[in-house]
Structure formats: C-alpha cells, structure tokens
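For the sequence shown, position 63 matches number 116 in the working numbering, and the numbering has no gaps at all. Think of the CB as a built atom: it goes at the ideal place given N, C-alpha and C, for glycine as much as any other residue.
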Amino acid sequence: MPKIAISLVDFTYIIDNWDRIIIKYSQLYPVHIIVHSESAKFFGGFIFILSYLKLTNPNLLKKTHGEVATLLYISRRIDFSAMHRYRVDSWTEEKNRQVFGPCSNRNGHGHDYKLEVMVKGKLNNHTGMVVNTGDIKLAVGNLIDKELDGKFLNEEHPYFKQNIPTAENIVAYLWEAISQVLENCSLNRLKLYENHYLFSEKEEGDMVTFTRRYHFSSAHRLHSDQLSDKENERIFGKCNNPYGHGHNYYLDVAVKGIPDNITGMVINMADLDEIVEKIVLEEFDHKHLNLDTAVFKGLNPTSEVMAKVVYDMLKPYIPKLYRIGVWETEKNYFEYINEEETVHG
Ligand SMILES: [Zn+2]
Ligand SMILES: [Zn+2]
54 MPKIAISLVD FTYIIDNWDR IIIKYSQLYP VHIIVHSESA KFFGGFIFIL
104 SYLKLTNPNL LKKTHGEVAT LLYISRRIDF SAMHRYRVDS WTEEKNRQVF
154 GPCSNRNGHG HDYKLEVMVK GKLNNHTGMV VNTGDIKLAV GNLIDKELDG
204 KFLNEEHPYF KQNIPTAENI VAYLWEAISQ VLENCSLNRL KLYENHYLFS
254 EKEEGDMVTF TRRYHFSSAH RLHSDQLSDK ENERIFGKCN NPYGHGHNYY
304 LDVAVKGIPD NITGMVINMA DLDEIVEKIV LEEFDHKHLN LDTAVFKGLN
354 PTSEVMAKVV YDMLKPYIPK LYRIGVWETE KNYFEYINEE ETVHG
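Structure (structure tokens):
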C-alpha cells in the first residue's frame, strides 16, 4: 500500500517542514512564507498560511504565480516503490551501457519514490477547505496503488513498456493520469523524488524539470568591501570572523525541457554530472571560497550570491539550465531562476 502523509504546503515554493520559514530568492526579490504548523491538526490536514509575502516587486509574483490572491495551494505526499531499467532494445549492449550506465541493467533495479501532488483551488468559506484532502488521498492513492506501487514498470505497465520509465517520463505520465481523477481542484505541480539526489517536476505545459543534487564542503567569510569593518561586524556577526567558517553545502542543479523521445531524459545525466563536477565541485569543494576561488574575488560569498554565480558558471555548458538551488544548511535555502529566459523557453 502506498503511504500517504501530509508533508508540506508549498505556497510558492519549497517548504519541507511545516514550521519553517523559507526565504526564496528569485531574481533577488525576497519572498517570505510563514505557515502555521498547528492548524494542520484542526482542519483535516491542511495548513493555513499566516502570511505569505514581503515582496519588493508585486508584479513578479503575479507574473510567476498567477492568481495568488484567490487561489490556495495544497500539497500531499504519496510514497510508492517501483522497479525500472533504462534500455533501448534496438541498441547494442555497449551503447545502452554508454548512455544509461548501471541503469541499463536488464534485470532492473528499484527505488522508493516520493511523490508530492500539489493542487490549486478556491477556498470554500463554509468548509474552510479548498478540497477535502481525503479525496485527493483516495483518488491519487488508488491510481498509484493500482498502476505503479510494487511493479516492474518496464514489464508490467502498458505505457512504460513503450516509454522508458525515467523520472521525467513518470512525472509526465502521472500528470495526465492524476488530472483525470481530481475533482473540485486542478493540478498545479507534481514533484517526484527518485531519491534524495534526483527529482523531476512538472507543471502546466510540455516541459519537465529534472534536478540533480550535489554536495560539497567549503569555508567562507561574509564580508562586503562596500561596508566599513564595523558595519560588516554588525550585519554579519560571527559570519564575519576574519578566518571564516564552513558549511556542508548541497547544490540543486535543475534543467528544463521536453524529455527525449527515445531516452526519456531531458539531459543525459552522466554528462550533467561531469560538467557540474568539473566546473563547480572541483572549484569549491574543500576550499575557502573567499581565498581559493577566482569567481568570488571581490564578491561577498553569501549563498544568494553563490546561487547566481553558479548559474553563470554552468549556463554556457548547459543551455537548458533552469534553476540553481543552494542549501547552505538544512534550514537555509536560496535559489536563482532566470525568469526572463524561462518565459521565452
Ligand atoms: Zn533508477
Ligand atoms: Zn556561513
């Protein structure tokens, strides 16, 4: 049986813990989201948003997220396990190995998937709900249970007999299938985690976003050349320590596009890993960002600056690059999306 848990209310972006305040940087406009963790207990599993923004440019919010003033977004998580393999039967063993690596193993391998289903709808003032989350649980849970959970997808699912069940293809398939079983609300976004280091996302339209997560450890010192020593100390406190301090960083590199007809991938994963390793990780891992890297010369290496810097480093090598997310700690997440480029595809 798939397990269903309420894991998050994702109003505009990632909140992976109910009582956490997440600051999202998009084009360097800050958005603050505060949710009420206790309300989940009282309202059948959905959470009220106490305050959702402090935004320097309201037009951006409108452009990016549509009718935010009237629509509410609700997210439920559904877990399942499934097996798959990445293989093109008409290719040689060697070519399959070369393109898909260990995923090409004929006998398959498996994952514990986590699926986040985010729907949008209008608030019903009588019930205090947009939609009964129990209904979503039932409709989506049944679908997953019947079609995916515990299955070898390439062998047992009609769609995935024809299309390789990559994370991109699975999320695109689920978008169509789930859209048909929802009532009184519509799908806003699906997010499918294959594991902690790989997930795919789908919103309205043909495109799928594919994200890989990487890890590195670095030291930095927060210090701005534009400010006096006293001001630096006042603003950055301990982080202004002349020697620096360090973090376990996690870096989310997201590409967006239409999955390839044959491989089912938006980008070849081995190529992506090689580029990020060479361009970013070799440059940052086990280094002092202020002292050892050329890219932060004259820049204050805050994580919001890092998100933009990494985007600029990778973009020439990855034309489909969509978003860079930097986890400075588990509680601090920053991201950079080049909205202008995404508007024009
Ligand atoms: Zn796999
Ligand atoms: Zn720091």
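Determine the DSSP secondary structure at residue i, reduced to helix, strand or coil.
{"i": "alanine 347", "result": "coil"}
{"i": "glycine 150", "result": "At residue 150 the sequence reads arginine, which differs from the glycine that was named. In the structure shown, arginine 150 sits in a helix (DSSP, three-state: H, G or I)."}
{"i": "tyrosine 364", "result": "helix"}
{"i": "glutamate 383", "result": "coil"}
{"i": "aspartate 338", "result": "coil"}
{"i": "serine 143", "result": "coil"}
{"i": "serine 134", "result": "strand"}
{"i": "glycine 290", "result": "helix"}
{"i": "serine 128", "result": "strand"}
{"i": "leucine 325", "result": "helix"}
{"i": "asparagine 301", "result": "strand"}
{"i": "glutamate 270", "result": "It is serine, not glutamate, that sits at residue 270 in the sequence shown. Here serine 270 sits in strand by DSSP."}
{"i": "valine 170", "result": "strand"}
{"i": "valine 308", "result": "strand"}
{"i": "isoleucine 377", "result": "strand"}
Is the distance from the Cβ of residue i to the Cβ of residue j below 9 Å?
{"i": "arginine 242", "j": "glutamate 169", "result": "yes"}
{"i": "arginine 376", "j": "threonine 264", "result": "yes"}
{"i": "tyrosine 389", "j": "isoleucine 332", "result": "no"}
{"i": "valine 261", "j": "glutamate 221", "result": "yes"}
{"i": "serine 253", "j": "isoleucine 223", "result": "yes"}
{"i": "glycine 297", "j": "asparagine 353", "result": "no"}
{"i": "leucine 275", "j": "valine 234", "result": "no"}
{"i": "valine 141", "j": "isoleucine 315", "result": "yes"}
{"i": "serine 239", "j": "glycine 174", "result": "yes"}
{"i": "lysine 283", "j": "methionine 171", "result": "no"}
Beta-carbon within less than 6 Å of residue i's beta-carbon, same chain only, minus the 5 sequence neighbours each way: which residues are those?
{"i": "alanine 135", "result": "Leu201, Lys204, Leu206"}
{"i": "glycine 378", "result": "Asp305, Glu388"}
{"i": "phenylalanine 153", "result": "Tyr139"}
{"i": "asparagine 112", "result": "Legend: pLDDT at asparagine 112 = 39, less than 50; position of this residue unreliable, value from coordinates given subsequently. Within the same chain, asparagine 112 has no close Cβ partners at all."}
{"i": "phenylalanine 289", "result": "Leu275"}
Ignore the nearest five residues each way along the sequence and tell me which others in residue i's own chain have a CB closer than 8 Å to its CB.
{"i": "glutamate 236", "result": "Val184, Asp188, Ala192"}
{"i": "lysine 291", "result": "His298"}
{"i": "leucine 367", "result": "Val306, Ile328, Val329, Ile332, Val333, Leu374, Ile377"}
{"i": "glutamate 286", "result": "Asn293"}
{"i": "arginine 150", "result": "Ser157"}
Near residue i, which residues of its chain fall below 7 Å by C-beta distance, leaving aside the five closest residues on each side in sequence?
{"i": "glutamate 247", "result": "His164, Tyr166, Ala220"}
{"i": "lysine 350", "result": "none"}
{"i": "leucine 334", "result": "Tyr267, Phe269"}
{"i": "serine 356", "result": "Val379, Glu381, Asn385, Phe387"}
{"i": "methionine 359", "result": "Val379"}
{"i": "threonine 346", "result": "Glu336, Phe337, Lys340"}
Assess contact between the region 259 to 274 and the region 339 to 358, defined as three or more Cβ pairs (one per stretch) separated by less than 8 Å. Is contact present?
yes
Please give the ranges of any alpha helix (DSSP H) in the region 186 to 267, keeping only runs that are unbroken, at least 4 residues long and fully inside the region.
186 to 200, 206 to 209, 211 to 215, 220 to 234
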